[in-house]
């Protein structure tokens, strides 16, 4: 080979090494090894290039075959021979010798490099494998986390976060699917039941929102036992409502059966904050036998039926009727009018005397609310009190009644002899029993109107106490300490009448008209009536019978020991002045005429 040849190469760490074969000079060649990307074809291990005077520098490439036992960063190494200065013809021997020398050195150096660095390569490969396995584990964990998150988001999209029941969105989609089936299949039937919990707001206000939440959880568990079949979907519809979808019904009568089963879930009182609380509900039902309805229309019909429920009249489960739509429109208009009724002076109080059955003299009078509607005429409370409750107007209306009753009582006391004995009773709605400021308002009103506390009484129904035991107990005890007498209205129709007589400072029991009507109808109920009167007497309580409409009934009541009666026999609800005139006549020892003015 020509003098002054040398080989320069880059090892696997890319460090330039000079393994000279002789010394470089101006007429010699440099041999350079450099990495290249793998070729598509599998080349020979050595390729010879023959230089000519006008050719490019001699180059050759060594490529390792696929079966080469060592893993290298690249599969191709190139040998390049170039002149250091000038260009001149090379003999074939010189060129072949140079290439041969380069090839020998290349193989020697690669073998050395592979042997000396095999441990480092192995460690690097193990580290890479460990990092890859760790990355794969992290990737699998991330994928599982994303899948769980996706499932959670999907569940949250269609379920109530608190109870876990399907929410309104899910219910409406299932209802829409059922309506599509009704359009496609002849005879396909479905029904929707809306369940509205009565006085739920009072439970929250009096026992706290924790108690309200616990009630919803207990109801959820009870409902799920009833609504387990696949054809039924029970949904948390609102704060105090549930919705039940009955799909693919065999008969529409099934809807009424299921509603009664749901009603049975309220038969047992609920344990709320260590108290047994009786809760009731109303049910609105709508049935669909064709797919011509839209989902929103079906729900609206069930809601209309729910609003038409009248539990006090035994109508807690109400199927939808087309005529109800007009009633709902009327209720909407009444609510709008009720908001301004107080400002316009449209509310008024009538008074119905409460008579001593033994003397026939007036002992007091119950203040009865009426609304003198500009279009509808004189409306009784059953037409608008529910609307007032829903509109949040019960508290201001109750305060208005208290003030007007106090003004009337004060006026009567000024026009009657000082020793005249009478009182005016005012009904307290369930919602105001949780008003902590009511006692202060009553005290201020008595003072402002100059009304002695003995002239004012409050009537409270058993039903209103059910969800207000704690707060009602505090309020009624405060009122009683002020000298105001308390009457338990509708006695015998609630859940825990006897326990209420121990918890609350009642002075009088009003016997519900349902017992009195049995006496009037067939003479039955006398024994039960006497038992109630004897119970009251043993507790030091007076008794007033409601709904007395005949002398025969009055005589039975008198013989049973009942002290007082109220009803059309003695007077219909009438104006305050008419009652006053009768009171004045009685205290002048004049023979009074029964007031028969009709409201």
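Numbering (the numbering used here), first residue to last: 863 to 1461. Glycine residues also receive a C-beta, built at the ideal position from the N, C-alpha and C atoms. Every value quoted in this text rests on a predicted model; they were computed, and no experiment measured them.
Measure the C-alpha to C-alpha separation of residue i and residue j and round it to an integer number of angstroms.
{"i": "residue 1295", "j": "residue 1126", "result": "28 angstroms"}
{"i": "residue 1436", "j": "residue 1427", "result": "16 angstroms"}
{"i": "residue 1341", "j": "residue 1076", "result": "31 angstroms"}
{"i": "residue 1447", "j": "residue 1366", "result": "36 angstroms"}
{"i": "residue 1155", "j": "residue 1041", "result": "7 angstroms"}
{"i": "residue 1094", "j": "residue 1004", "result": "37 angstroms"}
{"i": "residue 1256", "j": "residue 1164", "result": "26 angstroms"}
{"i": "residue 1339", "j": "residue 1226", "result": "22 angstroms"}
{"i": "residue 1112", "j": "residue 1087", "result": "21 angstroms"}
{"i": "residue 1209", "j": "residue 1266", "result": "10 angstroms"}
{"i": "residue 1334", "j": "residue 1350", "result": "13 angstroms"}
{"i": "residue 1177", "j": "residue 1057", "result": "13 angstroms"}
{"i": "residue 1138", "j": "residue 1062", "result": "15 angstroms"}
{"i": "residue 1069", "j": "residue 1082", "result": "19 angstroms"}
{"i": "residue 1254", "j": "residue 1201", "result": "10 angstroms"}
{"i": "residue 1270", "j": "residue 1307", "result": "12 angstroms"}
{"i": "residue 1030", "j": "residue 1013", "result": "19 angstroms"}
{"i": "residue 1106", "j": "residue 1235", "result": "38 angstroms"}
{"i": "residue 1228", "j": "residue 1140", "result": "28 angstroms"}
{"i": "residue 996", "j": "residue 1134", "result": "52 angstroms"}
{"i": "residue 1251", "j": "residue 1321", "result": "18 angstroms"}
{"i": "residue 1097", "j": "residue 1272", "result": "54 angstroms"}
{"i": "residue 1008", "j": "residue 1002", "result": "10 angstroms"}
{"i": "residue 1343", "j": "residue 1316", "result": "11 angstroms"}
{"i": "residue 992", "j": "residue 1136", "result": "59 angstroms"}
{"i": "residue 1332", "j": "residue 1246", "result": "28 angstroms"}
{"i": "residue 1166", "j": "residue 1099", "result": "15 angstroms"}
{"i": "residue 1032", "j": "residue 1016", "result": "11 angstroms"}
{"i": "residue 1205", "j": "residue 1262", "result": "11 angstroms"}
{"i": "residue 1413", "j": "residue 1028", "result": "59 angstroms"}
{"i": "residue 1101", "j": "residue 1182", "result": "23 angstroms"}
{"i": "residue 1048", "j": "residue 1039", "result": "15 angstroms"}
{"i": "residue 1160", "j": "residue 1085", "result": "22 angstroms"}
{"i": "residue 1260", "j": "residue 1152", "result": "47 angstroms"}
{"i": "residue 1312", "j": "residue 1289", "result": "21 angstroms"}
Should residue i be labelled buried (16 or more other beta-carbon atoms within 10 Å of its own) or exposed?
{"i": "residue 1060", "result": "buried"}
{"i": "residue 1224", "result": "buried"}
{"i": "residue 1396", "result": "exposed"}
{"i": "residue 1115", "result": "exposed"}
{"i": "residue 1450", "result": "exposed"}
{"i": "residue 1299", "result": "exposed"}
{"i": "residue 1180", "result": "buried"}
{"i": "residue 1314", "result": "exposed"}
{"i": "residue 939", "result": "A caution first: residue 939 carries a pLDDT of 48, below 50, which makes its placement in the model unreliable, though a value can still be read off. Buried, because 16 or more other Cβ atoms sit within 10 Å of the Cβ of residue 939."}
{"i": "residue 1364", "result": "exposed"}
{"i": "residue 1287", "result": "buried"}
{"i": "residue 1103", "result": "buried"}
{"i": "residue 1173", "result": "exposed"}
{"i": "residue 1258", "result": "exposed"}
{"i": "residue 1347", "result": "buried"}
{"i": "residue 1237", "result": "exposed"}
{"i": "residue 1079", "result": "exposed"}
{"i": "residue 1110", "result": "exposed"}
Is the Cβ-Cβ distance between residue i and residue j less than 8 angstroms?
{"i": "residue 1301", "j": "residue 1337", "result": "yes"}
{"i": "residue 1429", "j": "residue 1411", "result": "yes"}
{"i": "residue 1215", "j": "residue 1433", "result": "yes"}
{"i": "residue 1293", "j": "residue 1064", "result": "yes"}
{"i": "residue 1369", "j": "residue 1403", "result": "yes"}
{"i": "residue 1145", "j": "residue 1121", "result": "yes"}
{"i": "residue 1117", "j": "residue 1037", "result": "no"}
{"i": "residue 1373", "j": "residue 1406", "result": "yes"}
{"i": "residue 1051", "j": "residue 1150", "result": "yes"}
{"i": "residue 1119", "j": "residue 1054", "result": "no"}
{"i": "residue 1324", "j": "residue 1375", "result": "no"}
{"i": "residue 1132", "j": "residue 1143", "result": "no"}
{"i": "residue 1416", "j": "residue 1219", "result": "yes"}
What distance in whole Å lies between the Cβ atoms of residue j and residue i, which are believed to be in contact at a cut-off of 8 angstroms?
{"i": "residue 1212", "j": "residue 1185", "result": "The pair is not a contact, with the Cβ atoms about 30 angstroms apart (cut-off 8 angstroms)."}
{"i": "residue 1393", "j": "residue 1423", "result": "At roughly 11 angstroms, the Cβ-Cβ gap does not stay under 8 angstroms, so residue 1393 and residue 1423 are not in contact."}
{"i": "residue 1285", "j": "residue 1319", "result": "5 angstroms"}
{"i": "residue 1390", "j": "residue 1377", "result": "6 angstroms"}
{"i": "residue 836", "j": "residue 1264", "result": "Here the chain comprises residues numbered 863 to 1461, so residue 836 is not present and cannot be evaluated."}
Looking at chain B, is there any beta carbon in it that lies within less than 8 angstroms of the beta carbon of residue i?
{"i": "residue 1105", "result": "Looking at the structure shown, chain B is missing, and only one protein chain is on hand."}
task = Determine contact between the segment 1272–1286 and the segment 1439–1453, defined as no fewer than three beta-carbon pairs at a distance below 8 angstroms.
result = A contact between stretches requires three or more CB pairs, one per stretch, nearer than 8 angstroms, and the segment 1272–1286 meets this requirement with the segment 1439–1453.
request  = Spell out a yes or no on whether the segment 1012–1024 and the segment 1043–1055 are touching, meaning 3 or more CB-CB pairs, one atom from each, closer than 8 angstroms.
outcome  = no
message = Does the contact criterion of 3 or more C-beta pairs under 8 angstroms hold for the segment 1193–1204 versus the segment 1241–1261?
response = By the Cβ criterion, the segment 1193–1204 is in contact with the segment 1241–1261, since at least three pairs of Cβ atoms, one from each stretch, lie closer than 8 angstroms.
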